[in-house]
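Trainee:
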Amino acid sequence: MKIERSKELFAKARKCIPGGVNSPVRACKSVGCDPLFVARANGARIYDVDGNEFIDFVCSWGPMILGHNHPAVVAAITETLADGTSFGAPTPKEIELAELVIAALPSVEKVRFVSSGTEATMSAIRLARGYTGRTKVVKFDGCYHGHADSFLVKAGSGVITLGIPGSPGVPEDIVKNTLSIPYNDVATLEKTLRDESLDIACVIVEPVAGNMGVVAPHPEFLRAMRAITTERGILLIFDEVITGFRLALGGAQQYYDIRPDLTCLGKIIGGGLPVGAYGGKKEIMDHISPVGPVYQAGTLSGNPLAMAAGVATLQELARPGFYAALERKAAGFAAGLQAIAERYLPGQTTLNRVGSMMTTFFTPGPVTDFATAMGADTGRYGAHFRNMLAQGVWLAPSQFEAAFISAAQSEADLAAALDKTEWSFKKLV
Ligand SMILES: *Cc1c(COP(=O)(O)O)cnc(C)c1O
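Each residue of the sequence shown is one higher than the one before, counting from -17 in our numbering.
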C-alpha cells in the first residue's frame, strides 16, 4: 500500500499540532503505525490522500450510521448553508430537532443542544449537582464520558475507588468527588449507593459500554441501578452519546426499557456535524438557565447547519424497518466473524455485540468489565488492524473501541470484510 503522501502530511502536522492529531487515538500509536490522512469518504467507503480505498467500520467513531455523504443529509446542509451559518439567536431548526429527539427518547421531555458529547456530560452532571444539592458523581471503570475533569478518573479496583487523577492537570480536589466502581458489579453498586455518607448527586453510565470495547450490561445491572437511584433520590444519567439512535431510535433506554432521569447525546445526533445534547424530565431540565439557576451556554449551540444535519439524519433513522435491517446485517456479520475465529483462533477471542456495535477482543473472555477487557492481547489486535488496513478495511486503531455497522455497508461489503478477516486471522495463527 502506497502511503507517501500520508507520511509527508503526518510529518508536517506534527510540527504544528501536538502529535499531529486533534484527538489522541487517531495517532494510531497503540496499533503500531502512523495515521493515514483522509481525503474523502462516500457511503461505506473512505479514501486516503494516497488514493487507497477502505471499507469503513469506524464511521467517524459512531456518527455516520447512514454512511458518508448521505444524499438527504447533504441536501439539508446545502440548503441551510445558503441562509448563513451562525446567528447567535434561536432558529426554527432547533425546535424541529428538539421535537424529534423528544419523540424518539422515552425519558426526554426537554432537551438542550450543545456542540459535543463532552459538553453534554459535563453540563448534565452540573445540572444533577445543582438539582440535588449534592456533590459526588459515581461512574464505572472503563466508561468514557468525554474529557471534562470530573470524568478523567483512573479506573481502579476494590470496593470503591476514591479517585486519583487520571491525567496531570486534573486537581485532586475535583477528582475526589468522582467515584469509579466496576461495571456490571451489582453488589458494589448497591453498597456504594446505599452509603449515606457519600452525598451522591448522580450515577452516570454508558448503558452499553463502548469505550473499553463493547461490553453489554448484565440485565440486572441497569435495573438495579434504576431501582436504587430512585430509592435514594440520586439522578441516573444515561450517557447515550454512542447508543443514542444506534441501538434503536430511542437508544439504549428503549432497547432495555429503562428510563433514566437525564440522557446525554452526541455523535449520531449531529449527522456528522458537531452536536451534543442533554435532556430529561421537564422538572429537572427547568433548573437550567435562563429558567433556573444552573448556568450553561454556548456561542455555537444549536448551530443551524448542525441542526439541519441532525434533523435529516433522524428522519432517515425513523423510517420503518431501519433498525431491524441494521440488526440483521450486524448479526450476520458477527456470525461470520465468530465462525472465522473458531476456525483459526479457537478459544482465543471473544466477540461482544449489541445491535450494530461490536468488538472482537483477543482474549478467551468472557469480557464483562474493565478488568477483563484489559486482559486482551493488544499486540495481536495491532497486527490484525495492520493486516486489515493493508487489505482495505478501516478498523478502529485500538482494541478498546467498537466496530460500527452502517446502513451504507452492503452485504457484499460485509462479505468482503469477512474474507479479509479470514486472511488476517490465518496470518495471526
Ligand atoms: C464520544 C463519547 C463522548 C464524548 O463526546 P465528544 O463529542 O467526543 O466530546 C462521551 N461519552 C461517550 C459514551 C462517548 O462515546
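Heads up, the beta-carbon is just placed ideally off N, CA and C, and yes, glycines get one too. Since the model is a prediction, treat every value here as computed from it, not as a measurement.
1. Given this structure, state the Cα-to-Cα distance separating Gly2 from Phe19, to the nearest angstrom.
2. By how many angstroms is the C-alpha of Gly262 removed from the C-alpha of Asp395?
3. Using only Cβ atoms and a threshold of 5 Å, which residues come within that distance of a heavy atom of ligand 1? Order them by chain position.
4. Just verifying my parser: in three-state terms, what is the DSSP assignment at Ser380?
5. Which class does Val273 belong to by DSSP, given the choice of helix, strand or coil?
6. Keeping to the same chain, check which residues put their C-beta closer than 7 Å to that of Glu76; ignore five residues upstream and five downstream.
7. Grab the span of the alpha helix (DSSP H) containing Thr225 for me, first residue to last.
8. With 16 as the cutoff for other CB atoms within 10 Å, does Ala279 come out buried or exposed?
9. With DSSP as the reference, label Ala23 as helix, strand or coil.
10. Take Lys(-3) and list the residues in its own chain whose beta-carbon comes closer than 8 Å to its own, dropping the five residues that flank it on each side.
11. Tell me whether Lys158 sits in a helix, a strand or coil according to DSSP, three-state version.
12. Can you give me the start and stop residues for the alpha helix (DSSP H) that Thr114 sits inside?
13. Taking Asn334 as part of the alpha helix (DSSP H), name the residues at either end of that continuous run.
14. What distance in whole Å lies between the Cβ atoms of Leu161 and Thr170, which are believed to be in contact at a cut-off of 8 Å?
15. Leaving out the 5 sequence neighbours to the left and right, which residues in its chain are closer than 7 Å to Leu327 when beta-carbon positions are compared?
16. Between Ile59 and Ala291, what straight-line distance do the alpha-carbon atoms span, to the nearest angstrom?
17. How far does the alpha helix (DSSP H) with Ile186 in it extend, from its first residue to its last?
18. Taking the C-alpha atoms as reference points, what is the distance between Ala209 and Arg(-13)?
19. Have a look at the DSSP bridge pairing and note the partners of Ala317.
20. With C-beta atoms as the reference, is Phe386 less than 8 Å away from Asn193?
21. Please classify Ile37: does DSSP put it in a helix, a strand, or coil?
22. Rounded to the nearest angstrom, how far is the Cβ of Val197 from that of Ala191, given a contact under 8 Å?
23. When DSSP labels each residue in this structure, what does Thr341 get in the three-state scheme?
24. Does Arg94 come out as helix, strand or coil in the three-state DSSP assignment?
Mentor: Per the coordinate set shown:
1. 11 Å
2. 38 Å
3. Ser98, Gly99, Thr100, His127, Gly128, Glu188, Asp221, Val223, Ile224 and Gly248
4. coil
5. coil
6. Phe95, Gly284 and Met289
7. No alpha helix (DSSP H) holds Thr225; DSSP gives it neither H nor E.
8. exposed
9. strand
10. none
11. coil
12. Gly99 to Thr114
13. That residue, Asn334, is in no alpha helix (DSSP H); its beta strand (DSSP E) goes Thr332 to Val336.
14. The pair is not a contact, with the Cβ atoms about 10 Å apart (cut-off 8 Å).
15. Phe407, Leu410 and Val411
16. 6 Å
17. First-last for Ile186: Ile182 to Val187, but that is the beta strand (DSSP E), not the alpha helix (DSSP H).
18. 55 Å
19. Per DSSP, none; premise fails for Ala317.
20. no
21. strand
22. 4 Å
23. strand
24. strand
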